[in-house]
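2 protein chains.
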Amino acid sequence: MSEFNMANYLKFWGGKVEEFFETYITCDDEHLKGLISAMRYSLFAGGKRLRPALVYSSYGIFEGYFDKVTPFASAVEMLHTYSLIHDDLPAMDDDDMRRGKPTNHKMYGEATAILAGDGLLTKSFEVMCNKDINPDVEASLMLEAAFKLAVATGENGMVGGQFADMESEDGVFNSSVVDFIHTNKTSKLIAYCCELGAILGYGSDEDKKRMREYGMRIGLAFQIVDDILDITSTTQELGKDVGSDEARGKATYPAIHGVEQSHAKAELLIEEALEIISVYGKTAEPCREIAKFIIERKN
Amino acid sequence: MSEFNMANYLKFWGGKVEEFFETYITCDDEHLKGLISAMRYSLFAGGKRLRPALVYSSYGIFEGYFDKVTPFASAVEMLHTYSLIHDDLPAMDDDDMRRGKPTNHKMYGEATAILAGDGLLTKSFEVMCNKDINPDVEASLMLEAAFKLAVATGENGMVGGQFADMESEDGVFNSSVVDFIHTNKTSKLIAYCCELGAILGYGSDEDKKRMREYGMRIGLAFQIVDDILDITSTTQELGKDVGSDEARGKATYPAIHGVEQSHAKAELLIEEALEIISVYGKTAEPCREIAKFIIERKN
């Protein structure tokens, strides 16, 4: 592990979920061609695949039958992708570019983008609840996985965070609003990814709690670094417009605490995350590398 | 059953799911107030509650422990409500009125309406997969319920139907497109409601198939009657603008086959539906009444 290559690591697990998308998000009806095309466009638009990598890496602490994990890791990435499509809509963040490419509604129009998001959201639950593609996972674990995904991403999670984010756009916000947004919009889904690994790997309740807490911290650090990069990066590095948060008066960490203090906070969170998983041995090495990557990344 | 009162019957089961919404769709965080309010606005906007009534009625053929069904019937109504909110958006049907009231985005703005829809969609899976509120349903049945809900409402179901509906708005369509839209947009979710009753009531595979086929027929009849009412009804009776399908060049049954032939088709479907459930005795009486109501309704 001394020469851990994060780019290759993410690419490896990203390849697994892309294979899954290739097989399961397909078009067998002429009437649906445009819709499936829009869903696939965003799925294959070249994300970091951080969330799937977290599911695999967390799972790897407990078990090693990684193929079992692929539908779940793919479902999480589908759900994440839907949230990006809807967040980019004109009524929301109104973004033209994402990952260096035109956003979904720029390519397919607003109606199709809304439906592609709805379709991906629905599909993520379909995949997690499908006995045929998860023959080696008990019903009770699939149910736990689907239930906790919904909790992490519904009104008390990601959707609620996005709502608060929209509400804050007038530039009137304080530290507690920013914490609320980041925790709900970003951290809870990332924490879920980490807990999901423990669920699928038959971790104990304590394991699940530990992975969730590790995830909450790296998730918040991830979002703080995102906020910082929006200020310090270039459009080319980031694949989307920079400085847009400030222009919109968005509730961000640096807007409240400044760049330097925000970076210190992110570093502290990563230290805490590493401490939480220090009880695990070598199998947790990928989770440690991801924690470090989150703070060092440039896009 | 000779004096079956459909209005009271729908109101009774509607009351059950409204009690559920009252308890489970609540606001405990100041940041989410506007979002929860938007979700509740559409949930309580006074629908017919036909889908929940179908879940209860189908279940009643097989078992009588109706309280067990409430979270599932409520989840279906939440999912249906999300679809109405998204369908009404400016980028989709751009409707100002629904059930005699301003549509969600007219009340709360587009961003909140999109998120309220996303929240309700996610919540419906959360409710179906929640062991705590479904203590008397086995994990495998909950999983089957959630999986089939996703199939019925995803890209190969409701979302796909809405996509084809949007695509057809230029007025260029044929009989096969109309069949595709109605089957996917409307019939599959209604068929699912009927099958769900059999799932929760420990029906056999044959029972499930039978209820699904009954549901496909009453679902298609329901949509054909909807199309006819858009032509023959008044705005007051319908609670939304009439004649809007034709104005938009929408793919409807009457546009292809005329009102009279469409009505004959709906009647035939109801006859077939009644024939399919003729194997059941008195416990299927509510399902028979609903089938008849569908073709006789005035709004």
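Line by line, the protein sequences are chains L and R.
First residue of the first sequence: 1145, per my numbering; consecutive thereafter.
First residue of the second sequence: 1145, per my numbering; consecutive thereafter.
Just so you know, even glycine gets a beta-carbon here, dropped at the ideal spot from N, CA and C.
Just so you know, these numbers come straight off a predicted model, no measurement behind them.
Compute the distance between the beta-carbons of L:Leu1333 and L:Phe1216, then report whether it is under 8 Å. The residue given as residue 1333 of chain L occupies position 189 in the first sequence. The residue given as residue 1216 of chain L occupies position 72 in the first sequence. For L:Leu1333 and L:Phe1216, no; Cβs fall outside 8 Å.
| message | Taking CB distances under 8 Å as the criterion, tell me whether R:Gln1380 reaches chain L. | response | In the second sequence, the residue the question calls residue 1380 of chain R occupies position 236. Not closer than 8 Å to any Cβ of chain L, the Cβ of R:Gln1380 fails to qualify, so no.
| message | My assumption, with CB atoms under 8 Å, is that R:Leu1187 sits in contact with R:Leu1154. Please give the rounded CB distance. | response | What you label residue 1187 of chain R is simply residue 43 of the second sequence in a count that begins at 1. What you label residue 1154 of chain R is simply residue 10 of the second sequence in a count that begins at 1. Incorrect: roughly 16 Å between the Cβ atoms, too far for contact.
Self-check item: Assigned secondary structure, L:Met1236 (DSSP; H/G/I helix, E/B strand, else coil)
Solution: Position 92 of the first sequence holds residue 1236 of chain L. Note: L:Met1236 maps to coil in three-state DSSP.
Measuring only the C-alpha atoms, how far is L:Ala1283 from L:Glu1174? Here the question's residue 1283 of chain L lines up with position 139 in the first sequence. Here the question's residue 1174 of chain L lines up with position 30 in the first sequence. For L:Ala1283 and L:Glu1174, the distance between alpha carbons rounds to 34 Å.
* Asked: Are R:Gly1383 and R:Gly1244 closer than 8 Å when you measure CB to CB?
  -> Within the second sequence, the letter at position 239 stands for residue 1383 of chain R. Within the second sequence, the letter at position 100 stands for residue 1244 of chain R. It is a contact, given that the beta carbons lie within the stated cut-off.
For R:Ser1284, which residues in chain L fall below 7 Å Cβ to Cβ? Residue mapping note: residue 1284 of chain R aligns to position 140 of the second sequence, counting from 1. Chain order gives the chain L residues near R:Ser1284 as Ala1283, where near means a beta carbon separation below 7 Å.
Since L:Thr1256 meets chain R, which of its residues come closer than 8 Å, beta carbon to beta carbon?
-> For the purposes of this step, residue 1256 of chain L is taken as the residue at position 112 of the first sequence. Going along chain R in sequence order, the residues near L:Thr1256 (Cβ under 8 Å) are Phe1307 and Met1310.
So that I know if they touch, is there some Cβ in chain R lying closer than 8 Å to that of L:Asp1314? The residue given as residue 1314 of chain L occupies position 170 in the first sequence. For L:Asp1314, the answer is no, since every Cβ of chain R falls outside 8 Å of its Cβ.
#### Entry: L:Cys1337 at chain R interface by Cβ criterion, 8 Å
As a working mapping, residue 1337 of chain L is identified with position 193 in the first sequence. Cβ-Cβ to chain R under 8 Å: no for L:Cys1337.
Would you kindly work out how many angstroms separate the C-alpha atoms of R:Met1145 and R:Glu1221, rounded to a whole number?
Looking up residue 1145 of chain R in the second sequence gives position 1. Looking up residue 1221 of chain R in the second sequence gives position 77. The predicted position of R:Met1145 is uncertain, since its pLDDT is 47 and thus under 50; a value taken from the coordinates is nonetheless stated next. C-alpha separation (whole angstroms): 26 Å.
Exercise. Compare the C-alpha of R:Ser1422 against each of R:Val1369, R:Ile1205, R:Val1161 and R:Phe1164 and name the closest.
Key: As a first step, residue 1422 of chain R is located in the second sequence; it is residue number 278 there, counting from the start. The option with the nearest alpha carbon to R:Ser1422 is R:Ile1205.
Quiz prompt | Chain-ordered chain L contacts of R:Gly1178 [CB-CB under 8 Å] | solution = Position 34 of the second sequence holds residue 1178 of chain R. Residues of chain L passing the Cβ test: Phe1307 and Glu1311.
Subject >> Minimum Cβ-Cβ distance from R:Gly1204 to chain L less than 8 Å >> reply: For this step, residue 1204 of chain R is matched to residue 60 along the second sequence. Answer no: the Cβ-Cβ gap between R:Gly1204 and chain L never drops below 8 Å.
Note to self: Please report the straight-line C-alpha distance between R:Glu1162 and R:Gly1191, rounded to a whole angstrom.
What the structure shows: In the second sequence, counting from the first residue as 1, residue 1162 of chain R sits at position 18. In the second sequence, counting from the first residue as 1, residue 1191 of chain R sits at position 47. Going from the Cα of R:Glu1162 to the Cα of R:Gly1191 covers about 11 Å.
- Query: Just by C-beta distance, which residues in the region 1349–1379 of chain R are closer than 8 Å to chain A?
  - Reply: Given the protein chain composition of this structure (L and R), no chain A is represented.
Is the separation between the beta-carbon of R:Ser1319 and that of R:Lys1394 shorter than 8 Å?
Position 175 of the second sequence, counted from the start, is the residue given in the question as residue 1319 of chain R. Position 250 of the second sequence, counted from the start, is the residue given in the question as residue 1394 of chain R. For the 8 Å CB-CB criterion, R:Ser1319 and R:Lys1394 do not form a contact.
Apart from the five residues just before and just after R:Tyr1424, which ones in its own chain have a Cβ nearer than 7 Å to its Cβ? Counting from 1 along the second sequence, the entry for residue 1424 of chain R is found at position 280. Same-chain partners within the cutoff: Ile1205.
Could you pull out every residue in the same chain whose Cβ sits closer than 8 Å to the Cβ of R:Tyr1209, ignoring the five residues on either side in sequence? Counted from its first residue, the second sequence places residue 1209 of chain R at position 65. If we look at R:Tyr1209 and ignore the five residues flanking it on each side, its Cβ neighbours are Asp1280.
### Message
What would DSSP say about L:Lys1353, mapped onto helix, strand or coil?
### Response
Locating residue 1353 of chain L in the first sequence gives position 209, counting from the first residue. The answer is helix: DSSP assigns L:Lys1353 an H, G or I state.
Practice item. Just tell me which of R:Ile1439, R:Asn1443, R:Asp1262 and R:Glu1433 has its CA closest to the CA of R:Met1150. Key: Here the question's residue 1150 of chain R lines up with position 6 in the second sequence. For the residues R:Ile1439, R:Asn1443, R:Asp1262 and R:Glu1433, the minimum Cα distance to R:Met1150 belongs to R:Glu1433.
Point to revise | L:Met1145 in three-state terms, based on DSSP | key: As a first step, residue 1145 of chain L must be located in the first sequence, where it is residue number 1. Confidence in L:Met1145 is poor, its pLDDT being 47 and thus under 50, which makes the residue's placement unreliable; the coordinate value appears in the next sentence. Correct three-state label for L:Met1145: coil.
Exercise for review: With R:Arg1195 as the anchor, note down where its alpha helix (DSSP H) starts and where it stops.
Suggested key: In the second sequence, counting from the first residue as 1, residue 1195 of chain R sits at position 51. R:Arg1195 -> alpha helix (DSSP H) spans Leu1194 to Phe1206.
message = Distance check for R:Met1272 and R:Ala1289, CA to CA, integer angstroms please.
response = Looking up residue 1289 of chain R in the second sequence gives position 145. Looking up residue 1272 of chain R in the second sequence gives position 128. Using only the alpha carbons, I get a separation of about 7 Å.
task: Check whether the Cβ atoms of L:Val1369 and L:Ile1420 sit closer than 8 Å, and answer yes or no.
output: On the first sequence, residue 1369 of chain L is found 225 positions in, with the first residue counted as 1. On the first sequence, residue 1420 of chain L is found 276 positions in, with the first residue counted as 1. No, these two residues do not count as a Cβ contact at 8 Å.
Residue burial classification, R:Leu1228 (beta-carbon count within 10 angstroms, cutoff 16) = For this step, residue 1228 of chain R is matched to residue 84 along the second sequence. Looking at its Cβ environment, which holds 16 or more other Cβ atoms inside 10 Å, R:Leu1228 is buried.
Look at the Cβ atom of R:Gly1178, then the Cβ atom of L:Phe1307, and state whether they are nearer than 8 Å.
Stepping through the second sequence from its first residue, residue 1178 of chain R is reached at position 34. Stepping through the first sequence from its first residue, residue 1307 of chain L is reached at position 163. Going by C-beta atoms, R:Gly1178 is nearer than 8 Å to L:Phe1307.
Pick from R:Phe1366, R:Gln1380 and R:Ile1400: whose alpha carbon is nearest that of R:Phe1317?
Taking the first residue of the second sequence as position 1, residue 1317 of chain R is located at position 173. Ranking the options by Cα distance to R:Phe1317, first place goes to R:Ile1400.
Under 8 Å from the C-beta of R:Asn1274: neighbouring residues of chain L
Taking the second sequence and counting its residues from 1, one reaches residue 1274 of chain R at position 130. Near R:Asn1274 (Cβ distances below 8 Å), the residues of chain L are Phe1291.
| Does the separation of the CB atoms of L:Phe1336 and L:Asn1248 fall below 8 Å? | The residue labelled residue 1336 of chain L in the question sits at position 192 within the first sequence. The residue labelled residue 1248 of chain L in the question sits at position 104 within the first sequence. Sequence check: residue 1336 of chain L is Tyr here, not Phe. It is not a contact, given that the beta carbons lie outside the stated cut-off.
Subject >> Environment of R:Ala1428 [buried if 16+ CB atoms lie within 10 Å] >> reply: Numbered from 1 along the second sequence, position 284 holds the residue referred to as residue 1428 of chain R. Counting Cβ neighbours within 10 Å, R:Ala1428 comes out buried, since at least 16 surround it.
*asked:* Counting only Cβ-Cβ distances shorter than 7 Å, please list the residues of the region 1219–1239 of chain L near chain R, keeping chain order.
replied: His1230, Leu1233, Ala1235 and Met1236
Original post:
Beta-carbon of R:Thr1297 versus every beta-carbon of chain L: anything under 8 Å?
Top reply: Along the second sequence, one-based indexing puts residue 1297 of chain R at 153. Chain L, which has a Cβ nearer than 8 Å to the Cβ of R:Thr1297, makes this yes.
Legend entry - Neighbour-count burial assignment, L:Glu1404, 16 or more Cβ in a 10 Å radius: Stepping through the first sequence from its first residue, residue 1404 of chain L is reached at position 260. Exposed, since its Cβ has fewer than 16 Cβ neighbours within 10 Å.
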